[in-house]
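Asks: Following this message is one structure expressed as structure tokens.
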Amino acid sequence: MSQSLRIENLHASVDGHEILKGLTLEVPKGQVHAIMGPNGSGKSTLSKVIAGHEDYTVTEGSVFLDDINLLDLEIDERSRAGFFLAFQYPHEIPGVSNANFIRAARQARLPKGQEIDAVAFYREMYAKMDELGMDRKFTARSVNEGFSGGEKKRNEILQMMMLEPKYAILDETDSGLDIDALKIVAQGVNAMRSPERGFLVITHYQRLLDYIVPDVVHVLHDGRIIHTGGKELAYELEEKGYDWIINEPVAA
Amino acid sequence: MPDSATLEAVNIDQDEGNFSYPEDYAHDAGYGLTEKTIDYISDIKGEAEWIREFRKRALKVFNDKPMPTHWASKDLENIVFENIRYYLSKGQRPTRSWDEVPDDVKATFERLGIPEKERKFLAGVEAQFDSEAAYSNVKEELTKEGVIFVNSTEGLREHPEVFRPWFGKVIPTGDNKFSALNSAVFSGGSFIYVPPGVKVKHPLQAYFRINAENFGQFERTLIIVDEGAEVTYMEGCTAPKFETATLHSAVVELVAMKDAKIQYITVQNWSNNVFNLVTKRGLAHENAEIRWIDCNIGSRLTMKYPGVIMKGRKARGEVISIALANDGQHQDTGAKMIHAADETTSNIVAKSISVGSGRSTYRGQVHIPKHLKGCKNNTECDALLINASSRTDTYPAITVRGNQHATQHEASVSQVSEEQIFYMKQRGLSEGEAMSLSVNGFVNDLVREFPMEYSVELKRLIDMEMEGSVG
Ligand SMILES: Nc1ncnc2c1ncn2[C@@H]1O[C@H](COP(=O)(O)OP(=O)(O)O)[C@@H](O)[C@H]1O
Ligand SMILES: [Mg+2]
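So the protein sequences, as listed, match chains A and X.
Sequence positions in the first sequence follow the numbering used here and run 362 to 613.
Sequence positions in the second sequence follow the numbering used here and run 58 to 528.
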């Protein structure tokens with residue numbers, strides 16, 4: 362079996378309304394793919410379906426993480442199998458400190474009876490927060506509560522760094538970030554790029570792809586990938602918009 | 058160490074408090090409650106005549122008062138007073154050394170970690186087993202400073218000049234049916250006196266243990282903290298789970314003299330067959346402060362509304378309350394704040410969690426009469442419902458007369474959002490872990506009010522309760 366995040370002919374609907382209409386895409390280990398596409402084309406839906414959100418029904422198709430059929434697993438099992446989603450709109454968890462949350466997520470990955478080494482955990486988290494330019498006070502604050510848009514996005518990247526997934530989807534991580542924050546977040550992601558890991562970066566703007574340079578760019582429209590190209594495709598889209606692709610006949 | 062036969066007789070269960078030792082009691086008042094029961098208790102204790110009279114008057118009040126079922130749970134009708142034993146003891150006198158405590162009693166408290174906690178962070182401990190204390194000890198230096206920490210029998214016998222003037226004054230016998238019951242058959246509990254200016258640094262702790270079936274525990278506590286003095290008192294409790302109902306009905310009176318501070322902390326973890334019907338009230342004199350920090354996790358039905366009467370100018374009262382009602386449980390809790398002087402301040406923060414078919418009720422009473430000036434009350438009560446069958450009710454009664462006061466009232470009912478659980482599960486937490494963490498988050502700001510050792514225990518208890526609540 363190939364080492365990749367493999368989405369094949371994926372159909373998914375919500376309340377009987379089909380949103381993903383036969384989406385096929387493969388991110389091999391070691392690569393960064395970008396998905397671009399107009400608002401409402403199904404980008405966030407794709408990421409939530411892969412994560413296992415219960416609002417969506419998969420009616421056809423498959424999603425494989427290496428040789429694991431993700432659609433057979435519970436949400437938390439998918440996570441522990443190595444799938445991470447940096448949310449477009451990260452949820453708040455009142456009263457639960459960031460440190461405790463991340464620690465619980467790490468603990469969930471250990472065999473029963475084994476305890477996290479708290480000192481090593483904090484040392485590692487502080488180092489990663491420094492990389493992301495996050496103030497130490499974010500360890501004690503409730504997860505995402507009262508965070509600005511940019512702080513929430515950085516916090517998603519922090520969690521990703523702490524959980525070291527095999528494959529990660531970043532859903533519009535750049536929106537709400539100013540250019541400096543964008544650079545820092547991109548640095549964090551780039552530091553995690555490795556032959557052992559694949560990324561799928563969802564974005565509206567080519568800007569992010571200046572800093573996280575993708576191997577492949579896909580265009581998603583109306584629940585399908587309608588075009589795939591190299592990193593230069595992002596510039597073309599930025600310049601010309603989506604219409605020229607949308608209007609071209611879909612290649613078989 | 059208890060011998061192996063004793064150990065084998067212990068019913069081991071995953072619940073920490075769910076084990077019991079075979080009964081061997083020297084004193085057993087038998088089933089049911091009559092004047093004879095009272096004579097039996099009074100004789101064993103060798104009590105002064107006025108106490109016997111006090112008890113007998115209380116028995117009449119108890120018999121005359123109807124059950125408060127016109128406003129409270131009908132479940133009260135399931136208490137069969139004739140099937141309860143009102144006094145059980147091994148005839149032990151509380152010892153000052155754990156070595157002298159009977160083996161099975163000592164083993165009980167060791168399993169509950171009491172001696173260890175005492176060594177680590179307590180200034181004094183009293184451990185009550187059924188009707189009487191088995192162990193009672195307070196640090197030498199506190200005794201030298203004049204601090205008294207004894208049980209009710211000893212308090213009334215050895216220090217009547219200290220305790221008698223306040224005994225039954227904050228909570229009169231006839232306050233309610235269960236305060237009357239307690240007044241008739243009380244035994245054990247803590248009588249504490251802290252002399253003027255003495256600030257007791259470490260907490261004093263009492264631990265209440267019910268071991269016997271068909272039994273009622275009726276401890277009586279009276280804490281008097283003299284001018285400018287301070288104390289923190291903590292109580293914990295457990296019982297094994299029996300098929301039949303067990304009754305726990307305490308009366309706790311606090312008196313804070315001018316500038317005094319009392320903090321009273323409870324972690325109630327009775328087994329789910331215990332009716333826990335407790336009356337708690339404090340009297341705060343000028344510039345005194347009384348805080349009730351109350352956590353109810355166990356019991357079948359708890360009815361408890363800690364109160365503060367703010368009698369002196371600038372007195373302060375506070376109730377911090379956490380209640381967790383799981384299947385088959387009803388936590389009927391709240392607070393009473395009686396403002397009786399100018400510039401008095403009260404604060405109530407109550408959070409409840411209802412799980413499965415669990416039911417939580419908040420009853421708050423805040424009373425500020427018209428002739429007073431500059432009183433403040435803040436009331437917040439938040440309820441969290443976990444399952445569709447969970448239930449919560451709120452009955453706030455705030456009577457504020459006059460327009461020179463500041464009051465604020467907020468209430469909310471919420472559920473853990475599905476999107477929040479999805480987010481947490483995406484990070485690898487199971488549904489149960491996500492729910493536990495969310496619930497701990499909901500009460501987190503209140504748990505922080507408990508001393509460290511207790512907040513860790515609380516978190517663990519909440520995790521245990523939440524484990525079976527999902528999926
Ligand atoms: N839970 C949902 N309920 C109803 N409609 C949804 C839901 N999620 C997504 N949709 C619809 O599916 C389409 C794609 O949405 P989304 O995946 O969020 O797009 P994108 O992320 O590309 O902007 C939109 O028309 C949106 O309204
Ligand atoms: Mg989106």
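Ideal Cβ placement from N, Cα and C applies to all residues, glycine included.
1) Given leucine 569 of chain A, which residues of its chain have a CB within under 6 Å of its CB, disregarding the five upstream and five downstream residues?
2) If you measure between the beta carbons of phenylalanine 445 of chain A and alanine 542 of chain A, is that distance less than 7 Å?
3) Rounding to the nearest angstrom, what Cα-Cα distance links valine 255 of chain X and arginine 338 of chain X in this structure?
4) Would a C-beta distance cut-off of 7 Å place isoleucine 347 of chain X and alanine 313 of chain X closer than the cut-off?
5) Measure the beta-carbon distance from histidine 394 of chain A to leucine 594 of chain A and round it to whole angstroms, keeping in mind my assumption that it falls under 8 Å.
6) Which class does isoleucine 545 of chain A belong to by DSSP, given the choice of helix, strand or coil?
7) Taking the alpha carbon of arginine 153 of chain X as the point to measure from, which residue in X:Glu175, X:Asp439, X:Leu169, X:Glu134 has its own alpha carbon closest?
8) Starting from glutamate 490 of chain X, find everything on chain A with Cβ-Cβ shorter than 7 Å and list it in chain order.
9) Is the region 204 to 222 of chain X close to the region 237 to 252 of chain X, with three or more CB pairs under 8 Å?
10) Any idea what DSSP makes of leucine 407 of chain A, helix, strand or coil?
11) I'd like the span of the alpha helix (DSSP H) that includes lysine 563 of chain X, first residue to last.
12) Please check if any C-beta of chain A sits within less than 7 Å of the C-beta of asparagine 444 of chain X.
13) Going by the CB atoms, is the gap between cysteine 432 of chain X and histidine 396 of chain X shorter than 7 Å?
14) Go through its chain and collect everything with a Cβ distance to glutamate 183 of chain X's Cβ below 6 Å, but skip five positions before and after it.
15) Which one of X:Asp389, X:Arg142, X:Phe111, X:Ser209 has the shortest CA to CA distance from leucine 304 of chain X?
16) Compare the beta carbon distance of lysine 527 of chain A and glycine 443 of chain A with 7 Å and say whether it is the shorter of the two.
17) How many angstroms separate the CA atom of isoleucine 69 of chain X from the CA atom of leucine 169 of chain X?
18) Nearest CA to the CA of serine 471 of chain X: which residue from X:Gly498, X:Ser495, X:Leu441?
19) As an exercise, report each continuous alpha helix (DSSP H) stretch of at least 4 residues that is fully enclosed by the region 224 to 250 of chain X, in chain order.
20) For chain X, check one thing: does any of its Cβ atoms lie closer than 7 Å to the Cβ of aspartate 455 of chain A?
21) Going by DSSP, what residues sit across from cysteine 294 of chain X in a beta bridge?
22) Answer with buried or exposed for valine 204 of chain X, where buried requires no fewer than 16 other C-beta atoms within 10 angstroms of its C-beta.
23) To the nearest angstrom, how far is it from the Cα of arginine 109 of chain X to the Cα of leucine 334 of chain X?
24) May I have the straight-line CA-CA distance separating arginine 502 of chain A from lysine 514 of chain A, to the nearest angstrom?
25) Thinking leucine 386 of chain A and valine 419 of chain A are a contact (beta carbons under 8 Å), I'd like their distance in whole angstroms, please.
26) Take valine 376 of chain X and list the residues in its own chain whose beta-carbon comes closer than 6 Å to its own, dropping the five residues that flank it on each side.
27) By the criterion of Cβ-Cβ separation under 7 Å, what are the contact partners of leucine 486 of chain X in chain A?
28) Excluding sequence positions up to five away, which residues of its chain have a Cβ less than 7 Å from the Cβ of isoleucine 563 of chain A?
29) Indicate whether histidine 259 of chain X and alanine 180 of chain X have their beta-carbon atoms separated by less than 7 Å.
30) Give me the DSSP bridge partner(s) of isoleucine 425 of chain X.
31) Is it the case that the Cβ atoms of valine 580 of chain A and isoleucine 573 of chain A are separated by a distance below 7 Å?
32) In the region 106 to 194 of chain X, which residue ranges form an unbroken beta strand (DSSP E) of at least 3 residues, counting only runs that do not cross its ends?
33) Looking at the secondary structure, which residues open and close the beta strand (DSSP E) in which methionine 397 of chain A lies?
34) Could you please give the first and the last residue of the uninterrupted beta strand (DSSP E) stretch that includes lysine 361 of chain X?
35) Does any residue of chain A bring its CB to less than 7 Å from the CB of leucine 381 of chain X?
36) Pick from A:Ile463, A:Asn608, A:Val424, A:Asn430: whose alpha carbon is nearest that of glutamate 517 of chain A?
Replies: In this structure, then:
1) Asp535
2) no
3) 22 Å
4) yes
5) Contact flag wrong, Cβ pair sits at about 11 Å.
6) helix
7) X:Glu175
8) Ala465, Ala469
9) yes
10) helix
11) Residue 563 of chain X falls outside the range modelled here, since chain X spans only 58 to 528, and no answer is possible.
12) no
13) yes
14) Ala190, Ser193, Ser247, Ala263
15) X:Arg142
16) yes
17) Residue confidence is low: isoleucine 69 of chain X scores 33 on pLDDT, short of 50, so the model does not pin down where it sits. Its coordinate-derived value is still stated next. So the two alpha carbons sit approximately 13 Å from each other.
18) X:Leu441
19) 234 to 242
20) Checking the displayed sequence, the identity of residue 455 of chain A turns out to be proline instead of aspartate. Closer than 7 Å to some Cβ of chain X, the Cβ of proline 455 of chain A qualifies, so yes.
21) X:Phe265, X:Gln325
22) buried
23) 23 Å
24) 15 Å
25) Leucine 386 of chain A to valine 419 of chain A, Cβ: 15 Å. No contact.
26) Trp349, Pro363, Ala392, Ile405
27) Asp437, Ala465, Ala466, Ala469
28) Ile396, Lys404, Ser408, Ile530, Leu531, Asp532, Glu533
29) yes
30) X:Val457
31) no
32) 181 to 186
33) 393 to 397
34) 358 to 361
35) no
36) A:Ile463
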